[in-house]
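Visitor:
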Amino acid sequence: MDTVDISPTRMMLLYGIAVLPWLLLWSAGLHLARELWLSIVRMSVQLALVGIYLKYLFAINAPALNVLWIVVMLVVADFTILRRAGLRIRHFFLSTLAAIVAGTAFSVAYLLLLVIRPEPIYDARYLVPLAGMILGNCLQGNVIGLERFYSAIRKNENEYLTYLLLGATRREAVRPYFREALKASVNPTLASMATLGLVSLPGMMTGQILGGSEPWVAVKYQIAIMLCIFASMSLAAVLNLSLSLRFAFDEFDVLREAVFRRH
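In terms of the numbering used here, the sequence shown is residues 58 to 320.
(1) Would you decide whether residue 161 is buried or exposed? Buried here means 16 or more other CB atoms lie within 10 Å of its CB.
(2) Measuring CB to CB, does residue 290 end up less than 8 Å from residue 250?
(3) Which class does residue 144 belong to by DSSP, given the choice of helix, strand or coil?
(4) If I follow the unbroken alpha helix (DSSP H) through residue 309, where does it start and stop?
(5) Check whether the segment 205-216 and the segment 156-172 touch, using three or more Cβ-Cβ pairs below 8 Å as the test.
(6) May I have the straight-line CA-CA distance separating residue 306 from residue 137, to the nearest angstrom?
(7) Using 8 Å as the threshold, is the C-beta distance between residue 294 and residue 198 below it?
(8) So for residue 253, helix, strand or coil by DSSP?
(9) Measure the alpha-carbon distance for residue 230 versus residue 147 and round it to whole angstroms.
(10) How big is the Cα-Cα spacing for residue 271 and residue 262?
(11) Residue 188 and residue 127 - do their beta-carbons sit closer together than 8 Å?
(12) Would you check if the distance between the CB atom of residue 131 and the CB atom of residue 157 is smaller than 8 Å?
(13) Can you give me the start and stop residues for the alpha helix (DSSP H) that residue 113 sits inside?
(14) For residue 118 versus residue 159, is the C-beta distance shorter than 8 Å?
(15) For residue 154 and residue 106, I'd like the C-alpha separation in whole angstroms.
(16) Identify the residues that DSSP records as bridge partners of residue 150: which are they?
(17) Rounded C-beta distance between residue 123 and residue 179? I'm assuming under 8 Å.
(18) Given residue 151, which residues of its chain have a CB within under 7 Å of its CB, disregarding the five upstream and five downstream residues?
(19) If you count every other CB in all the chains shown that lies within 10 Å of the CB of residue 63, and 16 or more means buried, which is it?
(20) Residue 67 CB to nearest chain C CB: under 8 Å?
(21) Cutting at 8 Å between CB atoms, please list the residues of its own chain near residue 114, excluding the five before and the five after it.
(22) To the nearest whole angstrom, what separates the beta carbons of residue 200 and residue 142, a pair I think is in contact under 8 Å?
(23) Quick one, are the C-beta atoms of residue 67 and residue 315 less than 8 Å apart?
(24) Is it the case that the Cβ atoms of residue 191 and residue 286 are separated by a distance below 8 Å?
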């Protein structure tokens, strides 16, 4: 059974639903009309361009082109993570990129090589969507982790310096903030996993069912992607926080003020 298409007329009708949150925000005194409609326009244009691109990407299905698209996704995610975490890109670009590459590559390779085994193994219909879902969740977790970690050290600088004066190494001194940041990073995914199926039907599963897949097949894919998302996000967050320590502190183990973006 094919998915029911949405006509241009009904798409225009769909955009009308955005009027409700706009009115609610306006009545609450939040003047976010420009940001709201700009975000909707950007989302629509970006997704339209990606939809056109993916149509040809799936048709060509060349391994080099598939990998190139994922590299673009990784670089954009890197910039987004650091901007949203309030950190300067030039200090953390390489460490964050290495972390999300490792986290994403690990789970995508695990899924494709050991679990799904598509033919060919680089099939864009599997490689690109799976990498996108895993990377998107890594992005969210790393934003939370980095922001919580460095804002906590900055806020509790005297406490951190006291640990150093008492003989702790840099890694020992940051350990309490590391634990809290990591916990904050993985908590949303843990909560989502604990309520999946009861509170919500996730996007991947819903999309497969709408596309005509059997519900049980969709369930198995959703379990696979959630486990891999959690593994990737945990690995990326730990690596990101650990690798960033080298660039965030000076030779005296004092947090550099220059690593934070100016607002």
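Even glycine gets a Cβ: it sits at the ideal position worked out from N, Cα and C. Predicted model, so just to flag it, every value in this text is computed and none were measured.
Guide: Checking against the coordinates, here is how it stands:
(1) Taking all protein chains shown into account, residue 161 has 16 or more neighbouring C-beta atoms within 10 Å of its C-beta and is therefore buried.
(2) Annotated as distal: residue 290 and residue 250, with beta-carbon spacing of 8 Å or more.
(3) DSSP places residue 144 in strand when its eight states are reduced to three.
(4) Under the DSSP assignment, residue 309 falls outside any alpha helix (DSSP H); it carries neither an H nor an E label.
(5) Taking 8 Å as the limit for Cβ pairs, the verdict is that the segment 156-172 does not touch the segment 205-216.
(6) Looking at the two C-alpha atoms, the distance is approximately 22 Å.
(7) Cβ atoms of residue 294 and residue 198: closer than 8 Å.
(8) Residue 253: strand per DSSP, three-state reduction.
(9) The alpha-carbon separation between residue 230 and residue 147 amounts to approximately 25 Å.
(10) Residue 271 and residue 262 have their C-alpha atoms spaced approximately 10 Å apart.
(11) With contacts defined by Cβ atoms closer than 8 Å, residue 127 and residue 188 form a contacting pair.
(12) In this structure, residue 157 lies closer than 8 Å to residue 131 by Cβ.
(13) DSSP places residue 113 inside the alpha helix (DSSP H), whose first and last residues are 90-117.
(14) At the C-beta level, residue 118 and residue 159 stay beyond 8 Å of one another.
(15) Approximately 25 Å between the Cα atoms of the pair.
(16) Per DSSP, none; premise fails for residue 150.
(17) Contact between residue 123 and residue 179 holds: CB atoms are separated by about 6 Å, below the 8 Å threshold.
(18) Sequence-distant Cβ neighbours of residue 151 in its own chain, meaning closer than 7 Å and more than five residues away, do not exist here.
(19) When all chains shown are included, residue 63 counts as exposed.
(20) The chain labelled as chain C is not found in the depicted structure, where only one protein chain is given.
(21) Around residue 114, the same chain offers 122, 123, 126, 181 and 185 as residues with beta carbons nearer than 8 Å, after the five sequence neighbours per side are excluded.
(22) Between residue 142 and residue 200 the Cβ distance is about 5 Å, and since that is below 8 Å, they are a contact.
(23) For residue 67 and residue 315, no; Cβs fall outside 8 Å.
(24) Yes, the Cβ-Cβ distance between residue 191 and residue 286 is below 8 Å.
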